[in-house]
Structures are given as C-alpha cells and as structure tokens.
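Mapping the sequence shown onto numbering that gives the first Met the number 0, position 299 (from 1) lands on 298, and the numbers just tick up by one. We treat Cβ as the ideally placed atom computed from N, Cα and C, and that holds for glycine. A quick note: this is a predicted structure, and the numbers were derived from the prediction, not measured. Notes follow the structure.
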Amino acid sequence: MASSKKVLILSDGKLGHQNQSVRLVEKLGISDYDILTLERRKFGKPLSFISPIYIVKNLKELNQQVKNNSYDLVVGLGSVPRLAMVTLKSRNPDLKTICIMDPKRNYEYYDVIAVPNHDDVSYKGDNLVRITGSLSYFYKEDLEVAKEEFKEEFAPLIEKPLIGLIIGGDSKGYSFTMLKARDLLDKTLLLSKKIGSKVYATTSRRTPESQAAYIKYKIEDSKNEIYTSGKKNPFRAIMGYSSIIIVTPETVSMLMESCATEALTLIADRKGVKSARIQKFIQELIDKGVLFELEEMLYKDNILEYIEKAKSKPRFNELEKVVDFIKSKNIV
0 MASSKKVLIL
10 SDGKLGHQNQ
20 SVRLVEKLGI
30 SDYDILTLER
40 RKFGKPLSFI
50 SPIYIVKNLK
60 ELNQQVKNNS
70 YDLVVGLGSV
80 PRLAMVTLKS
90 RNPDLKTICI
100 MDPKRNYEYY
110 DVIAVPNHDD
120 VSYKGDNLVR
130 ITGSLSYFYK
140 EDLEVAKEEF
150 KEEFAPLIEK
160 PLIGLIIGGD
170 SKGYSFTMLK
180 ARDLLDKTLL
190 LSKKIGSKVY
200 ATTSRRTPES
210 QAAYIKYKIE
220 DSKNEIYTSG
230 KKNPFRAIMG
240 YSSIIIVTPE
250 TVSMLMESCA
260 TEALTLIADR
270 KGVKSARIQK
280 FIQELIDKGV
290 LFELEEMLYK
300 DNILEYIEKA
310 KSKPRFNELE
320 KVVDFIKSKN
330 IV
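Spelled out as structure tokens, the structure:
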C-alpha cells in the first residue's frame, strides 16, 4: 500500500549505504523521496561534540533543503547523516528519524534504530531493532531479471554446477596480497576440476591492480570467464546462475549478497580478517547454515549434496523485519 509520506534520505556518498536507505523507503511504500549527499567537514568529528550538525560541510544546502520541503521522515546511514539527524530532530520533534546503524550516542533522537547483531550494541531502548548483517541483499526476483538478460552468455557455462568467484580486495582490517590471490585461484580451480565445473569470476575496484591482472590471466588461461569492466556488468547474473559462490571475507555487503542466493556459499581466507565485528558476522552466517569455509569444503566427497541442500537454506528477511518494526511505531 502506497504511503503519502515525504522522505529525505541523507547519504554519505557511499552507494552501498544509500541503496540500503532507498530500499527501506521503497519497501515502506514511499515513492516521494529526495536524496541529499552530505559532505564531511574537516575536523568535523571534534566539532560534532559541540553540536552534531557541525560535522556537515554543506550545512547551508541541508538547511535550505529542509526549509523548502515539508518532510515527514528522514532516513540515513553513515556517520555524517546520523549526526545531522540529531540536530534536525532537536529542531523539529515531530520529524521522524530512522538510523540504519549504531549511532553510538544520542539514541533518544531517533524514532527507529536498525543495528546489525555483530555491532554488539549495549543500548536496549524500545526504538531499536536488531538485524543480521545489513539491508543489502538481492531478492530472487532481482536475480531472475539478470539471468534472463545474460541467458545466452551463461547457457554453455551451466551444463554442470557453475562456480561464481566474487573477489573484493583491500579494506580496513584486511589485505588482499598476491599470495592470497594465488591461494584463492589455486583452491577455486581445484574445486572446479573436482566437480567438472566452469568458473565465472569478477573483481572489484578494491582489488589491487597486480592481483587483478594475475587473476584475469589465470582465469582466462584456464578457459574460464572473468568480468573486470564494461558496460554490461554480469554480477547479478553470476549470483543467480552459480551453484557455488566463493567470496572473499572482508565486507558485510559481499557476504550478505552471496549468502542471500540459492548457491552454496564458501568464504575464502576467513582467518585473514582482523576485524572482530566482521568475524562475529561471519560466525553468525555459519551458525545460520548459510556460509561454509572454502578450506573445509575442498576435500568433501559430497559437495553435490551440499549444493542441493543450499537451495533450501534459510532466507534473509531483514528488510521486512525493519519495515514491520517501523509500522508498529505508527511512523508510516
């Protein structure tokens, strides 16, 4: 059912963050929304303890945006958006605010706070809802559309179970070295040979240049497929067509998207992750039965049975959970 509410989405410029806010707003049945990207002010963090809004560099633009529109609701994810919402709420107590992260302080200024379990938030207010991972994952319908678009390209690759290789790269708490790239390729191709399957790999903007070049050479030399750049990105089709997905371990979004598919999802190099938060999230996925370690799966004789079982693994309903919680608060 469509909602007549008008929403301002505050973005920190990170597309993954922004997309989560957009998905939530649209899932609430709201089509009337604006997106404003907030810039971080230099030395904004210490200034934010004087007033949260001081972290915003383009403050004049934000004030004008709010003045020119009658917003019912503000949604945001990221350190700058979350602090901006505190001041907006204090100026207008009737304005509803939804924060899709642990705000770390000022909890009382948000009508709804959606936080991942792996953040270990001690706050227990009745405005808080806990979720697995994030709101960033694909629905089956999303993947079916992509599969149809790339049907001809993938037809010869799926005669046997396809392995999708999803490669990230360097991040906070994780370094994707050349040694790790070689180890990942060796194990992927070993698994491919074991079950007689093809591999379709994709790298990311975070993949170091030398490692990306090495991976491209090895994949193509072994008569497999790889996407590195181009107008038509088959990423969702890889997710949809793969019977096995091997994913590097460093980000919540890549793990969440991989585990949301019907594929047997295998994490590579789990021990290489230094972040306790990410390690807790990885363990949560393993405990749910939606993620397995690549190293453990390599030498199993019944991999095809695991592939079949993965088709009926638990599904994420985090978005629906947050929507139901928001509606229980009569915000929309």
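Query, Result
"For Ile97, the residue or residues it bridges with in DSSP", "Val74, Val111"
"Nearest neighbour of Lys123, chosen from Ser133, Phe137, Tyr138, Glu107 [CA to CA]", "Glu107"
"Leu14 beta carbon less than 8 Å from that of Leu37", "no"
"The stretch 252-263 touching the stretch 234-242, judged by at least three CB pairs closer than 8 Å", "yes"
"Sequence-distant residues of the same chain with beta carbon closer than 6 Å to Ile162, five excluded per side", "Ser191, Ser196, Val198, Ile243"
"Range covered by the alpha helix (DSSP H) that runs through Glu224", "Where Glu224 is concerned, there is no enclosing alpha helix (DSSP H), although the beta strand (DSSP E) it sits in stretches over 224-226."
"Nearest-angstrom Cα separation, counted from Ser221 out to Ile99", "43 Å"
"Own chain partners of Asp169 with C-beta closer than 7 Å, once the 5 adjacent residues on each side are dropped", "Phe175, Arg205, Pro207"
"Rounded separation between Ser78 and Glu151 - CA only", "43 Å"
"Counted within 10 angstroms of its Cβ, other Cβ atoms place Val144 as buried (16 or more) or exposed", "exposed"
"Which listed residue (Val85, Arg81, Asp33, Pro313) has its alpha carbon closest to that of Ser69", "Asp33"
"Sequence-distant residues of the same chain with beta carbon closer than 7 Å to Lys334, five excluded per side", "Residue 334 lies beyond the residue range present for the chain, which begins at 0 and ends at 331; the question has no answer from this structure."
"Sequence-distant residues of its chain with Cβ nearer than 8 Å to Lys56 (five each side left out)", "Leu37, Glu38, Arg39, Arg40, Lys41, Gly43"
"Close beta carbons around Leu72, own chain, < 6 Å, minus the five adjacent residues each side", "Lys4, Val6, Lys95"
"N-terminal and C-terminal residue of the alpha helix (DSSP H) that Arg235 is part of", "234-240"
"Proximity of Ala83 and Ile52 at Cβ, strictly below 8 Å", "yes"
"Buried versus exposed call for Lys230 [16 or more other C-beta atoms within 10 Å across all chains shown]", "exposed"
"For Gln282, the nearest candidate out of Asp300, Asn116, Ser89, Val24 (CA to CA)", "Asn116"
"Span of the beta strand (DSSP E), counted from its first residue to its last, around Leu156", "Element bounds for Leu156: n/a, residue is neither H nor E."
"Pro155 versus Pro233 - alpha carbon distance", "15 Å"
"Exposure of Arg81, with buried meaning 16 or more beta-carbon neighbours within 10 Å", "buried"
"Same chain, Cβ closer than 8 Å to Tyr216, neighbours up to 5 away in sequence not counted", "none"
"Gly75 to Asn105 span [Cα, whole Å]", "15 Å"
"Gln63 versus Ile54, Leu87, Arg235, residue with shortest Cα-Cα distance", "Leu87"
"Start-end ranges of the alpha helix (DSSP H) lying completely within the stretch 292-325, minimum 4 residues", "293-296, 302-309"
"Leu293 and Leu284 closer than 8 Å at C-beta", "no"
"Arg129 - partner residues in DSSP beta bridges", "Val114"
"Tyr199, enclosing beta strand (DSSP E) - first and last residue", "198-201"
"Closest residue to Ser135 among Leu178, Glu317, Ala309 (Cα-Cα distance)", "Glu317"
"Assumed close pair Asp165, Ser311 - CB separation to whole angstroms, cut-off 8 Å", "In the sequence as displayed, the identity of residue 165 is Ile instead of Asp. Not a contact, Cβ separation roughly 22 Å."
"Whether Val21 touches Ile8 by CB criterion (8 Å)", "yes"
"Separation of Lys26 from Glu319, as counted between CA atoms", "8 Å"
"Bridge-paired residues (DSSP) for Gly288", "None; Gly288 has no bridge partner."
"Enclosing beta strand (DSSP E) for Tyr32 [first to last residue]", "32-36"
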